[in-house]
Amino acid sequence: AQSVTQLDSQVPVFEEAPVELRCNYSSSVSVYLFWYVQYPNQGLQLLLKYLSGSTLVKGINGFEAEFNKSQTSFHLRKPSVHISDTAEYFCAVSDLGTSGSRLTFGEGTQLTVNP
Amino acid sequence: GAVVSQHPSRVICKSGTSVKIECRSLDFQATTMFWYRQFPKQSLMLMATSNEGSKATYEQGVEKDKFLINHASLTLSTLTVTSAHPEDSSFYICSARDSKINTGELFFGEGSRLTVL
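Chains as they are written, first to last, in our numbering: chain A, 190 to 304; chain B, 447 to 563.
So this is what it looks like as structure tokens:
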């Protein structure tokens, strides 16, 4: 079984400040990792994903995340946020075990960017 | 990129009626689609896995007779909320997996807001 923990349910920051949204996972097998963003009343949009290779992954909208196998983490970062980054962010993990590539989501982190 | 279209985006119905929500993969084939329910300020709750040409697999606690799922083709899955009641009001989201990609990545529809009066 796999699980995802997003350590912060809410993260308020000021515009142009850096931000880090934390995500830890647990799994008995190798995993693929994802960050999705959800704007109000919309579905989820993929920000970035880690499949293999370089542990630093760059995504859309200036976001990046670093896969740390030893700490089982996949924290999301952005050096300078905008008001438009206000949204809910979900970390997700997928493995190729008996669950058949099932995606498991964290509880989400609400990022609020204030002027 | 892969696009999933979900329709309708909003629906209001009277208690006791049935509502059908469609989920279509527009530019890829999806043998597997997923249906989620999301309560305000919460994460997605997986309701069921929709498999093309076979019965859906429901999560524990989800009534299969209440939430009927049909996956008749490689690009379309439907969720029918039967005899809807106010407690069924929620945001329903579908997602699809590209049959040619084996990473677990999902592509999401825009969601459907159901309000049962």
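Just so it is clear, CB atoms sit at the ideal spot from N, CA and C, and this is done for glycine as well.
In this structure, does DSSP put residue i in helix, strand or coil?
i, result
"Ser545/B", "coil"
"Thr293/A", "strand"
"Pro486/B", "coil"
"Ser519/B", "strand"
"Ser451/B", "strand"
"Glu277/A", "strand"
"Glu509/B", "coil"
"Pro201/A", "strand"
"Glu551/B", "coil"
"Glu556/B", "coil"
"Ala206/A", "coil"
"Asp284/A", "strand"
"Asn230/A", "coil"
"Glu253/A", "strand"
Nearest by alpha-carbon distance to residue i: which of the options is it?
i, options, result
"Ser535/B", "Arg559/B, Leu520/B and Val450/B", "Arg559/B"
"Glu505/B", "Leu490/B, Ala448/B, Ala518/B and Ser519/B", "Leu490/B"
"Tyr482/B", "Leu300/A, Thr293/A and Thr301/A", "Thr293/A"
"Leu237/A", "Leu563/B, Asn516/B, Phe553/B and Leu472/B", "Phe553/B"
"Ser545/B", "Ser461/B, Ser455/B and Gln475/B", "Gln475/B"
"Lys487/B", "Val302/A, Thr194/A, Gln199/A and Gln260/A", "Gln199/A"
"Ala281/A", "Thr244/A, Val202/A, Phe263/A and Asp197/A", "Phe263/A"
"Val302/A", "Ile272/A, Leu222/A and Phe279/A", "Ile272/A"
"Ser500/B", "Glu509/B, Ser519/B and Leu492/B", "Ser519/B"
"Gly248/A", "Gln231/A, Ser283/A and Val226/A", "Val226/A"
"Asn497/B", "Asn516/B, Phe485/B, Cys459/B and Gln452/B", "Asn516/B"
Can you list, in chain order, the residues of its chain whose CB lies under 7 Å from that of residue i, leaving out five sequence neighbours each side?
i, result
"Thr287/A", "Confidence is the limiting factor: at Thr287/A the pLDDT is only 48, short of 50, which leaves the residue's position unreliable and the question unanswerable from this model."
"Pro268/A", "Pro207"
Is residue i close to chain B? Criterion is C-beta to C-beta, closer than 8 Å.
i, result
"Asn230/A", "yes"
"Ser192/A", "no"
"Tyr278/A", "no"
"Leu196/A", "no"
"Glu253/A", "no"
"Phe256/A", "no"
Taking 8 Å as the limit between beta carbons, can you name the residues of its chain near residue i, skipping five residues before and five after?
i, result
"Ser529/B", "Gly462, Thr463, Ser464 and Lys512"
Among the residues of its own chain, which have a CB less than 6 Å from the CB of residue i, if the five just before and after it don't count?
i, result
"Arg266/A", "Glu209 and Glu253"
"Ile458/B", "Thr561"
With 8 Å as the threshold, decide whether the Cβ of residue i is near any Cβ in chain A.
i, result
"Glu551/B", "yes"
"Arg559/B", "yes"
"Leu490/B", "yes"
I'd like to check one pair, residue j with residue i: are the Cβ atoms closer than 8 Å?
i, j, result
"Gly297/A", "Gln191/A", "no"
"Ser438/B", "Glu533/B", "This structure leaves residue 438/B out entirely; chain B is present only between 447 and 563."
"Phe223/A", "Glu551/B", "yes"
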